[in-house]
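Going line by line, the protein sequences match chains S and Y.
Residue 294 in the numbering used here sits at position 294 of the first sequence, with consecutive numbering throughout.
Residue 2 in the numbering used here sits at position 2 of the second sequence, with consecutive numbering throughout.
Beta carbons are placed, not taken as given, at the ideal position from N, Cα and C, and that holds for glycine.
Predicted model, so just to flag it, every value in this text is computed and none were measured.
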Amino acid sequence: MFALIEQFYIILPMTIVLIGAFTLMILSHNKSFELKHFNLVAVLFLTIALAIVMIQFGNIPKGYLFEDIIGKVFIVDDFALLFDIMSITGVILTLLINTDYFHSRSYFNGEYFALLLFSLFGMILLAHAHELVTAFIGLEIASLSIYALVGYHKNNHVSSEAMMKYLVLGSMTGAFFILGTALIYGVVGSTTLNDIATYTNGHNNEESILIIVGATLIMVTILFKIGAVPFHGWVIDVYEGSPFPITMFMASTFKIAIFAIALRLYLIDFVSLHGQWNFILQTITILTLLGGSWLAITQSSIKRMLAGSSIVHGGYMLIAITSVGAGSQIAVPAIMFYLIAYFLSAVGAFGILSYISASGIKQLTYEDFKGFSERRPYLAIFMSIFMLSLAGFPSTIGFLGKFYIFTAGVESEQFLLVGLGITTAFISIYYYFKLIAMMYFYPKNEPQTPIRYTFSSALIVLMAILIIWGGIGSSLIPFIPSADALIDIAKGAINSIG
Amino acid sequence: MIPEQFFILATLLFSIGLVGVVSRRNLFIVYLSIELMLSSVNLLLVTFSRLDQSMNGTVMALLLIAIIAAEAAIFLAVIIQLYRSKRSLDSDKFSQLTQNKGQL
Chain S
1 MFALIEQFYI
11 ILPMTIVLIG
21 AFTLMILSHN
31 KSFELKHFNL
41 VAVLFLTIAL
51 AIVMIQFGNI
61 PKGYLFEDII
71 GKVFIVDDFA
81 LLFDIMSITG
91 VILTLLINTD
101 YFHSRSYFNG
111 EYFALLLFSL
121 FGMILLAHAH
131 ELVTAFIGLE
141 IASLSIYALV
151 GYHKNNHVSS
161 EAMMKYLVLG
171 SMTGAFFILG
181 TALIYGVVGS
191 TTLNDIATYT
201 NGHNNEESIL
211 IIVGATLIMV
221 TILFKIGAVP
231 FHGWVIDVYE
241 GSPFPITMFM
251 ASTFKIAIFA
261 IALRLYLIDF
271 VSLHGQWNFI
281 LQTITILTLL
291 GGSWLAITQS
301 SIKRMLAGSS
311 IVHGGYMLIA
321 ITSVGAGSQI
331 AVPAIMFYLI
341 AYFLSAVGAF
351 GILSYISASG
361 IKQLTYEDFK
371 GFSERRPYLA
381 IFMSIFMLSL
391 AGFPSTIGFL
401 GKFYIFTAGV
411 ESEQFLLVGL
421 GITTAFISIY
431 YYFKLIAMMY
441 FYPKNEPQTP
451 IRYTFSSALI
461 VLMAILIIWG
471 GIGSSLIPFI
481 PSADALIDIA
491 KGAINSIG
Chain Y
1 MIPEQFFILA
11 TLLFSIGLVG
21 VVSRRNLFIV
31 YLSIELMLSS
41 VNLLLVTFSR
51 LDQSMNGTVM
61 ALLLIAIIAA
71 EAAIFLAVII
81 QLYRSKRSLD
91 SDKFSQLTQN
101 KGQL
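Following this line, the structure appears as structure tokens:
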């Protein structure tokens, strides 16, 4: 039990994000405020929240917030705080790296930043949820904000269409989530994760058949949100139809938040159901890896290719989730490491795309990158680094991420999945290196207007440095924490979940 | 009260909703079908709550109604937006994103 004042201190980051969102909403009616001021205010609030979470991380014992009022609904542990750090950092980077894009498009205004902060609030709630209805509320707060953001360019038909597709399918799978919750409530009489775990541990599978059904329905929603293959129909269209900052946000930050709840459910709640699920998860993993690769290969637009490849990356993480059920120890830290690795690479790649398209309105295809290295030699180098990292080339952080995932798979003897994962990693070289080849080995087909160096380009450089730093590993640079330290932090956070 | 009747009713409503989402083209009917699915789950929760002699399920149903209302706001907004762009709510007409692109 925490003291009352301590509880308010723990909830402070969340409150700051929420206050920031409301402040931005109120400010958005003020005509004298410009876009860069809104951006600054949003980043300011998020930085304060991030600083507080950083201080809290590792210094707060595991416990429940306001336990005497709302029961064991809102959990505080290192696992949730680590995901808080990752999500808040993700939103800050999304805001900063797209500065140029915001200024080049007339449809962005103050509410846009408010919606992003509301979405972040939902994600933080999701990471801390220790009860299924709370998790659903967090998920819906995050998703509803994202629906609105996808259709933010309201005079663009494509944007509205993408929003419609995401909204219809997203709400439908949301109904599955609460159906699962209702079934579990009917059996257990409570929806807190502790009670469910106690029930499943004390009863055999015959008696908890309704829990298996309910948990599977909840898993369907989670798999839909991360875009696993039988539920992937929306991914490419929605990613293409939404503005670049939102695509980046969905591909990286939202996925992190979804994995927070997926891991929590899978690790505490449904431990005794691992046997039932392993076959389903293995099948879905195989389909996701193959289907995502096929989708990524067939695209000609870079944005659609990255959307397809994000499905494949979800597939790699599903390999590790399957390994958790098969008894691997390193699997969960591997997922968290892979999330960070994918986050860095995807934000970098989408950041370059949004930076380039800030000076034009064209959809970027492979053809547009012909001779890119002559026009923009430095950007071409950074783009190559991001592509190498996404493909999992050694000496980048993407390689280490895949290495840990496959280690987890081998540890739990999932040789088929690991073999398939390595094969799709080789296939992915085709569509990532095609871009590198376009940039370096083709003459430029048309002159383009030069792009200014701005704040966004500085952040792109930072991402590239982080990727290399993460890929080099531990021993080379003294006194600076490295990729191994990240794995250790993740392991410590997993132990707190217990 | 016979709980089985309520379970059967909730199952029927959920299934009707699901079929409606899958088979109907008009976006407004799709939206109403999703509402039907969510409301049938509410019925299920309230039935369980009554069987359990506790108020937990009823409170959950109330919370879910709030979420459903928020979803309704976004749905109606996008329906108006789409109607303005094409003067129709037939979901087959909104296929700009899928044209001539590689699909699974």
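**Request:** Look at G20/S and L117/S and say whether their C-beta atoms are less than 8 Å apart.
**Result:** Pairing G20/S with L117/S gives a Cβ-Cβ distance under 8 Å.
**Short Cβ contact (8 Å threshold) for I70/S with I10/S** = Against a cut-off of 8 Å, the Cβ pair of I10/S and I70/S comes out as no contact.
**Message:** For D52/Y, which residues in the same chain have their Cβ closer than 7 Å to its Cβ, ignoring the five residues on either side in sequence?
**Reply:** Hits under 7 Å: none found.
**Request:** State yes or no: is the C-beta of H153/S within less than 8 Å of the C-beta of Y107/S?
**Result:** Result yes, Cβ atoms of H153/S and Y107/S sit closer than 8 Å.
**Request:** State the DSSP-derived secondary structure class of G102/Y, mapped to helix, strand or coil.
**Result:** Note that G102/Y scores 41 on pLDDT, short of 50, meaning its location in the model is unreliable; the coordinates nonetheless yield the value given after this. Here G102/Y sits in coil by DSSP.
**Message:** According to DSSP, simplified to helix, strand and coil, what is S412/S?
**Reply:** Here DSSP, grouped into helix, strand and coil, assigns S412/S to coil.
**Beta-carbon contacts of F2/S that lie in its chain and below 6 Å, excluding the five residues immediately before and after** = G63.
**Message:** For A260/S and A142/S, which I take to be in contact (beta-carbon distance under 8 Å), what is that distance rounded to the nearest angstrom?
**Reply:** Their Cβ separation, rounded to whole angstroms, is 11 Å, which puts A260/S and A142/S out of contact at 8 Å.
**Message:** Which residues of the segment 68 to 81 of chain Y have a Cβ closer than 7 Å to any Cβ of chain S? Give them in chain order.
**Reply:** Against chain S - using a Cβ distance shorter than 7 Å - the residues of the segment 68 to 81 of chain Y are A70, E71, I74, F75, V78 and Q81.
**Item:** Collapsed DSSP secondary structure at G308/S in the structure displayed
**Value:** In the structure shown, the three-state DSSP call for G308/S is helix.
**Message:** By the DSSP assignment, the alpha helix (DSSP H) with D84/S in it spans what residues?
**Reply:** Boundaries of the alpha helix (DSSP H) around D84/S: D78 to I97.
**Prompt:** According to DSSP, is S301/S helix, strand or coil?
**Reply:** Under the three-state reduction of DSSP output, S301/S falls in the strand class.
**Request:** Kindly identify the DSSP beta-bridge partner or partners of N26/Y.
**Result:** DSSP lists D90/Y as the bridge partner or partners of N26/Y.
**Asked** What do you reckon, are the CB atoms on I74/Y and A148/S nearer than 8 Å?
**Response** In this structure, I74/Y lies near A148/S, with their beta-carbon atoms less than 8 Å apart.
**Request:** From the DSSP output, read off the bridge partner residues of Y64/S.
**Result:** Looking at the DSSP output, Y64/S bridges to I75/S.
**Message:** So with CB distances below 7 Å, who are the chain Y contacts of H313/S?
**Reply:** Per Cβ cutoff of 7 Å: no residues; H313/S is ~17 Å from chain Y at best.
**A129/S in three-state terms, based on DSSP** = Here A129/S sits in strand by DSSP.
**Prompt:** Taking 8 Å as the CB-CB limit, is I222/S close to chain Y?
**Reply:** So, not an interface residue.
**Asked** Would you call the CB atoms of G241/S and S354/S closer than 8 Å?
**Response** Not closer than 8 Å, so no.
**Prompt:** If you count every other CB in all the chains shown that lies within 10 Å of the CB of S190/S, and 16 or more means buried, which is it?
**Reply:** By the 10 Å Cβ count, S190/S comes out buried.
**Message:** Quick check on L149/S - is its C-beta less than 8 Å from some C-beta in chain Y?
**Reply:** For L149/S, the answer is no, since every Cβ of chain Y falls outside 8 Å of its Cβ.
**Message:** Rounded to the nearest angstrom, what separates G292/S and S95/Y at their Cα positions?
**Reply:** The alpha-carbon of G292/S is positioned some 21 Å away from that of S95/Y.
**Asked** Roughly how far, in whole angstroms, is the beta-carbon of L81/S from the beta-carbon of Q56/S, given that I think they are within contact range, below 8 Å?
**Response** L81/S to Q56/S, Cβ: 6 Å. Contact.
**Message:** Check whether chain S comes within 8 Å of G102/Y, counting only Cβ atoms and requiring the distance to be less than that.
**Reply:** In this prediction, G102/Y scores a pLDDT of 41, lower than 50, which makes its location untrustworthy; the coordinate-derived value is nonetheless stated afterwards. So, interface residue.
**Request:** Name the one or two DSSP bridge partners that T192/S has.
**Result:** Within the DSSP bridge table, the entry for T192/S names E131/S as partners.
**Prompt:** Is S85/Y close to chain S, meaning its C-beta is less than 8 Å from at least one C-beta of that chain?
**Reply:** Output row for S85/Y: interface = yes.
**Request:** Give the interface partners of D237/S over in chain Y, defined as CB-CB distance under 7 Å, in chain order.
**Result:** Simply L97 and T98.
**Message:** Using DSSP's beta-bridge definition, name the partner residues of T365/S.
**Reply:** For T365/S, which the question treats as bridged, DSSP gives the partners S301/S.
**Message:** Between A182/S and V41/Y, how many whole angstroms is the CB-CB distance? I'm expecting something under 8 Å.
**Reply:** Correct: roughly 5 Å between the Cβ atoms.
**Request:** Look at V324/S and V332/S and say whether their C-beta atoms are less than 8 Å apart.
**Result:** V324/S places its beta carbon less than 8 Å from that of V332/S.
**Prompt:** Hey, L139/S and F176/S: beta-carbon distance below 8 Å or not?
**Reply:** Note that the C-beta distance between L139/S and F176/S is not below 8 Å.
**Asked** How do the segment 227 to 238 of chain S and the segment 188 to 203 of chain S stand: do at least 3 beta-carbon pairs fall below 8 Å, yes or no?
**Response** Counting Cβ pairs under 8 Å, fewer than three are found: no touch.
**Item:** Residue interval of the alpha helix (DSSP H) (run including W469/S)
**Value:** Residue range F455 to I472 is occupied by the alpha helix (DSSP H) that includes W469/S.
**Message:** Can you tell me where the alpha helix (DSSP H) holding I43/S begins and where it ends?
**Reply:** The question names Ile, but residue 43/S is Val in the sequence shown. Counted as a single uninterrupted DSSP element, the alpha helix (DSSP H) harbouring V43/S occupies residues L35 to Q56.
**Prompt:** Counting only beta-carbon atoms, is M107/Y nearer than 8 Å to chain S?
**Reply:** Look at the range of chain Y in this structure, 1 to 104, and you will see that residue 107/Y is not part of it.
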